[in-house]
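Here the protein sequences line up with chains A and B, keeping their order. One point on numbering: in this note's numbering, the residue at position 125 of the first sequence is 125, and numbering is uninterrupted. Add 540 to the 1-based position in the second sequence for this note's numbering, that's all there is to it.
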Amino acid sequence: MFASENRMTIAAGGFGLGGILLFVGLAAAALLVHGGTGGREDLFDAYVWRVTRFTLLQASLSTGLSILFAIPVARALARQAAFPGRIWLLRLMALPLGLPALVAALGLIEVWGRQGFLNKALVAAGLAEPISIYGLFGILLAHVFFNMPLAARLMLAGLERIPAEYWRTSANLGMGSLAIFRFIEWPVIRGLLPGIAGLVFMLCATSFTLVLTLGGGPAASTIEVAIYQALRFDFDPPRAIALSGLQVVLTGLLLLLLKFVAPPPEEGETSGRAIRRFDGCQGLARLADRIWLTLALIFVGTPFAAIAASGLQADLARLLSEHAVHRALLTSAAIALPSAAIAVAIAALMIRTQRLVLSRRRHGMPARFFAGTIGASMSFILLAPPIVLGAGWFLLLRPFGDVARFAPLIVIAINALMALPFVHRVLAPAMVTHAARTERLAASLGIGGFHRLRWIDWPPLRKAFFTAFSFALALSLGDLGAIALFGSQDLATLPWLLYSRMGSYRTADAAGLALLLGILCLIFTVLGTAGDDRTRGSGT
Amino acid sequence: MTAAAVILRDVKVRFETTVLKFDCTVPAGEIVAVAGASGSGKSTLLNVIAGFEEPDQGEVRIFGDEMAGRPPADRPVSVIFQDNNLFAHLDVAANVGFGISPSLRLRNGDRERIEEALDRVGLAGFGKRLPPTLSGGERQRVALARALVRHRPLLLLDEPFAALDPGMRAEMRDLLADLHQEEGNTILMITHHPDDVRLFSDSVLFLDQGRIVAHDPIDRFLERRDLTAINRFLGQETGR
Numbered sequence: 001m002f003a004s005e006n007r008m009t010i011a012a013g014g015f016g017l018g019g020i021l022l023f024v025g026l027a028a029a030a031l032l033v034h035g036g037t038g039g040r041e042d043l044f045d046a047y048v049w050r051v052t053r054f055t056l057l058q059a060s061l062s063t064g065l066s067i068l069f070a071i072p073v074a075r076a077l078a079r080q081a082a083f084p085g086r087i088w089l090l091r092l093m094a095l096p097l098g099l100p101a102l103v104a105a106l107g108l109i110e111v112w113g114r115q116g117f118l119n120k121a122l123v124a125a126g127l128a129e130p131i132s133i134y135g136l137f138g139i140l141l142a143h144v145f146f147n148m149p150l151a152a153r154l155m156l157a158g159l160e161r162i163p164a165e166y167w168r169t170s171a172n173l174g175m176g177s178l179a180i181f182r183f184i185e186w187p188v189i190r191g192l193l194p195g196i197a198g199l200v201f202m203l204c205a206t207s208f209t210l211v212l213t214l215g216g217g218p219a220a221s222t223i224e225v226a227i228y229q230a231l232r233f234d235f236d237p238p239r240a241i242a243l244s245g246l247q248v249v250l251t252g253l254l255l256l257l258l259k260f261v262a263p264p265p266e267e268g269e270t271s272g273r274a275i276r277r278f279d280g281c282q283g284l285a286r287l288a289d290r291i292w293l294t295l296a297l298i299f300v301g302t303p304f305a306a307i308a309a310s311g312l313q314a315d316l317a318r319l320l321s322e323h324a325v326h327r328a329l330l331t332s333a334a335i336a337l338p339s340a341a342i343a344v345a346i347a348a349l350m351i352r353t354q355r356l357v358l359s360r361r362r363h364g365m366p367a368r369f370f371a372g373t374i375g376a377s378m379s380f381i382l383l384a385p386p387i388v389l390g391a392g393w394f395l396l397l398r399p400f401g402d403v404a405r406f407a408p409l410i411v412i413a414i415n416a417l418m419a420l421p422f423v424h425r426v427l428a429p430a431m432v433t434h435a436a437r438t439e440r441l442a443a444s445l446g447i448g449g450f451h452r453l454r455w456i457d458w459p460p461l462r463k464a465f466f467t468a469f470s471f472a473l474a475l476s477l478g479d480l481g482a483i484a485l486f487g488s489q490d491l492a493t494l495p496w497l498l499y500s501r502m503g504s505y506r507t508a509d510a511a512g513l514a515l516l517l518g519i520l521c522l523i524f525t526v527l528g529t530a531g532d533d534r535t536r537g538s539g540t
Numbered sequence: 541m542t543a544a545a546v547i548l549r550d551v552k553v554r555f556e557t558t559v560l561k562f563d564c565t566v567p568a569g570e571i572v573a574v575a576g577a578s579g580s581g582k583s584t585l586l587n588v589i590a591g592f593e594e595p596d597q598g599e600v601r602i603f604g605d606e607m608a609g610r611p612p613a614d615r616p617v618s619v620i621f622q623d624n625n626l627f628a629h630l631d632v633a634a635n636v637g638f639g640i641s642p643s644l645r646l647r648n649g650d651r652e653r654i655e656e657a658l659d660r661v662g663l664a665g666f667g668k669r670l671p672p673t674l675s676g677g678e679r680q681r682v683a684l685a686r687a688l689v690r691h692r693p694l695l696l697l698d699e700p701f702a703a704l705d706p707g708m709r710a711e712m713r714d715l716l717a718d719l720h721q722e723e724g725n726t727i728l729m730i731t732h733h734p735d736d737v738r739l740f741s742d743s744v745l746f747l748d749q750g751r752i753v754a755h756d757p758i759d760r761f762l763e764r765r766d767l768t769a770i771n772r773f774l775g776q777e778t779g780r
């Protein structure tokens with residue numbers, strides 16, 4: 001094969017991996033050196049434990065509620081193939097994934113908040129005590145809004161992988177709705193649960209923006225938010241490091257546990273062609289399904305509607321002509337485009353390197369270790385709190401002059417890193433299948449280097465790359481995590497601008513900006529998940 | 541009972557680009573081979589009888605009863621497919637047990653019935669095994685055992701031996717023939733193999749482009765030379 005070319009790829013992969021580890025490691029080291037954790041007794045005081053307890057509590061509750069809601073919804077979606085607008089409901093359920101958390105929070109406040117639809121209706125109905133969205137309730141609400149659709153889609157994908165013969169056999173045998181759930185659907189869902197629950201738990205435990213905006217005080221604060229407060233308000237790096245260590249240990253343990261007990265949930269192949277099923281057309285089952293689907297539609301749909309409605313009431317024309325908004329748009333683009341490109345490039349390099357290293361006939365311990373580190377870094381990167389990375393680099397670069405000059409670069413790098421696991425999950429399956437299909441053939445025909453890229457690799461992989469790029473773009477555009485520390489008059493991305501307008505109670509402006517940001521991100525998300533909609537060729 | 545096992549009268553099934561039309565009468569107690577090229581409508585024919593597909597028009601009668609609107613489970617029919625007949629995560633006994641109770645509520649004596657059925661298909665003692673640990677032929681026999689405990693007078697087989705090697709196919713054919721002798725049921729079996737037609741069936745339903753173009757007793761069918769589709773089908777035999 002092309003030995004020199006492969007060696008170069010592996011070397012580049014090594015550099016890439018080294019770069020990632022260095023970027024994370026240096027940031028942590030800088031904070032450690034700066035703060036010096038020695039001798040501080042107050043690091044793990046009552047506040048830290050309370051925050052930790054609350055983090056675990058809200059993440060467990062969010063996970064549990066998301067999954068409890070997702071099971072009947074996924075089942076109804078699988079069963080009611082003829083439900084009018086099913087495909088649109090599925091598309092709607094793919095949207096929260098790409099909606100910036102800040103925008104979603106605004107939408108949820110519009111619906112569930114003090115001035116929201118629900119409370120107005122309750123007050124009109126004569127109930128004096130309005131429900132408050134701030135605190136645990138709001139956090140759970142937001143987490144279920146984001147994760148119920150995710151969980152339901154993953155379960156649905158699992159249910160749709162059940163062979164068509166199962167449904168025919170169960171219909172032929174006359175299995176009832178309960179028996180079908182117990183003997184066919186539940187075993188499939190149960191197999192997926194550890195993976196889905198782990199993923200949702202991770203996302204909820206490290207949730208930052210939602211807790212920051214909806215937590216409403218120290219009583220409802222997670223570790224991630226506490227880190228931010230320790231850095232931005234108290235500038236107490238030792239505490240930030242201690243909290244980060246706690247977070248990394250907690251989530252790391254969970255990830256390790258999941259690696260052993262649960263396979264990662266498989267995305268893909270949802271929607272599109274519905275499998276023909278024969279159950280669920282009887283009155284009661286059908287009614288229950290329709291109620292669940294309607295509930296899901298209302299729950300997921302109303303915040304979107306609220307964002308659109310209140311955004312359109314804002315003075316959009318003035319907003320769009322505002323200098324600050326223009327600059328925020330440009331800043332966002334200048335940060336999101338390179339960070340998405342970097343994320344895609346690094347992910348592709350990592351996948352290729354991992355495969356090359358492992359495809360050698362006799363890969364020794366070092367090779368396996370190398371490949372294993374790549375694989376682990378792709379998921380463990382989620383553990384490094386963006387705020388901590390930012391703070392570490394802030395300290396590292398301070399001796400070299402005004403940190404504001406470096407701030408955009410740090411934000412780009414952090415955003416790229418944060419998008420890496422998601423990009424990896426989109427690219428890896430496509431690249432691995434493609435390689436398995438073409439590697440040997442291309443090698444035997446002597447197609448290598450640029451020609452292989454041009455004729456063999458690019459055409460079939462183009463779509464996966466665009467999908468990954470688009471998704472990374474949406475993630476980076478909507479991110480408030482990295483910018484939260486560096487945001488200023490001079491470096492204001494759209495989410496930052498939105499956050500500061502919310503902070504100064506310019507609600508109408510915030511609504512308009514939320515609509516703008518929401519639309520931008522959703523466009524890229526839809527482009528980035530377009531692959532989901534392809535209809536599979538019909539079997540049999 | 542004089543009623544025919546299956547009567548299809550003027551049945552039409554519309555697809556996006558084609559319309560399939562079926563007319564036939566299958567006498568009770570026969571083994572009927574259903575043959576024809578891929579896409580000729582064999583599976584649709586079985587789906588209509590089993591109730592997986594509602595015809596757009598026409599009448600389906602099984603043992604004299606009109607089947608319109610009747611769900612698959614309420615028809616006197618058992619079905620075995622080429623693959624995925626067993627729920628892979630449940631053991632063999634549970635899979636057979638569904639033939640007794642679709643909610644798997646088994647009573648005293650049902651265990652024995654399951655064991656007896658497994659014994660009859662040559663799988664005594666296999667009850668605790670999981671389907672993935674069985675060979676393709678063994679899995680099909682478990683499906684057959686399930687059909688046995690269900691006692692439906694009509695058995696539909698959709699290429700049940702297609703994934704099996706020739707030796708196993710012959711074994712399954714013999715087993716099926718023995719059980720047919722004992723049960724006196726009616727069997728419709730889709731097959732691509734002239735051997736299955738010649739050695740196993742009493743008559744042949746031959747489909748071409750969505751129509752039943754021939755329905756003959758086996759001897760007469762084997763002598764037909766007037767239809768190219770049939771020639772091509774039987775010609776495979778000499779080609780091998």
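Yeah, the Cβ is synthetic: ideal placement off N, Cα and C, and Gly gets one too. All of these numbers come straight from a predicted model, not from anything done at the bench.
Within chain B, no residue has its CB atom less than 8 Å from the CB of A/G195, the nearest being about 17 Å off. Fewer than three beta-carbon pairs drawn from the region 213-222 of chain A and the region 153-166 of chain A are found closer than 8 Å, and the two stretches are therefore not classed as touching. Here B/P757 is bridged, per DSSP, to B/S743. Inclusion of B/F773 and B/A575 in the CB contact set at 7 Å is warranted, their separation being smaller than that value. With respect to chain A, the C-beta atom of B/V600 has no partner C-beta closer than 7 Å. Residue environment for A/Q247: buried (at least 16 other C-beta atoms within 10 angstroms of its C-beta).
The alpha carbon of A/S66 has as its nearest neighbour, out of A/Y47, A/L193, A/I180, the alpha carbon of A/L193. The beta-carbon of B/S580 is placed no less than 7 Å from the nearest beta-carbon of chain A. Against chain B, the CB of A/N172 has a partner CB under 7 Å away; the residue lies at that interface.
Residues are counted here when their Cβ sits less than 7 Å from a Cβ of chain B; for the region 144-175 of chain A these are P163, E165, Y166, R168, T169, A171, N172, L173, G174, M175, given in chain order. In the DSSP assignment, B/A608 falls outside any beta strand (DSSP E) and carries neither an H nor an E. Under the 8 Å Cβ criterion, the region 319-328 of chain A does not count as touching the region 400-412 of chain A, having fewer than three qualifying pairs. Using a Cβ-Cβ cut-off of 7 Å, B/P700 is close to nothing in chain A; its nearest Cβ partner there is about 12 Å away.
Counting only Cβ-Cβ distances below 8 Å, B/P611 has contacts in chain A at A171, G174, F278, in chain order.
Residue-level contact by beta carbon holds for B/F592 and chain A, with a gap shorter than 7 Å. Take B/V661, set aside five residues on each side of it, and the residues of its chain with a beta-carbon closer than 6 Å to its own are R681, L684, A685, in chain order. Counting C-beta pairs with one atom in each stretch, the region 7-20 of chain A and the region 365-378 of chain A have three or more that are closer than 8 Å, which means they touch. The Cβ neighbour count for A/Q58, taken over all protein chains shown within 10 Å, is at least 16; the residue is labelled buried. With fewer than 16 other CB atoms across the displayed protein chains lying within 10 angstroms of its CB, A/S504 is exposed.
For the C-beta of B/G665, not a single chain A residue is nearer than 7 Å; the gap to the nearest is close to 23 Å. Using beta-carbon distances, A/A82 does not count as an interface residue toward chain B, since no partner is under 7 Å. The alpha-carbon of A/T525 is positioned some 8 Å away from that of A/L475.
Proximity of A/A179 to chain B, defined by a Cβ-Cβ separation below 7 Å, is satisfied. Comparing C-alpha distances from A/S244 to each of A/G138, A/A472, A/V24, A/L515 shows the shortest one belongs to A/V24.
Any Cβ of chain B closer than 7 Å to the Cβ of A/P421 would place that residue at the interface, and such an atom is absent. Secondary structure at A/A74: helix, using DSSP grouped into helix, strand and coil. B/D698 is bridged by DSSP to B/I730. For the pair B/L560 and B/G581, the Cα-to-Cα distance works out to about 7 Å. Taking a 10 Å sphere around the C-beta of A/M8, we find fewer than 16 other C-beta atoms and assign the residue as exposed.
Inter-segment contact for the region 587-606 of chain B and the region 631-639 of chain B is absent: fewer than three beta-carbon pairs are separated by less than 8 Å. Counting only Cβ-Cβ distances below 7 Å, B/G639 has contacts in chain A at L173, in chain order.
The three-state secondary structure of B/E594, taken from DSSP, is coil.
Taking a beta-carbon distance threshold of 7 Å, B/F555 does not count as an interface residue toward chain A. Rounded to the nearest angstrom, the Cβ distance from A/M378 to B/F638 is 43 Å, too far for a contact under 8 Å.
If you compare the alpha carbons of A/T467, A/F486, A/L203, A/R290 with that of A/A404, the shortest gap goes to A/F486. Contact of B/H629 with chain A by beta-carbon distance below 7 Å involves P187.
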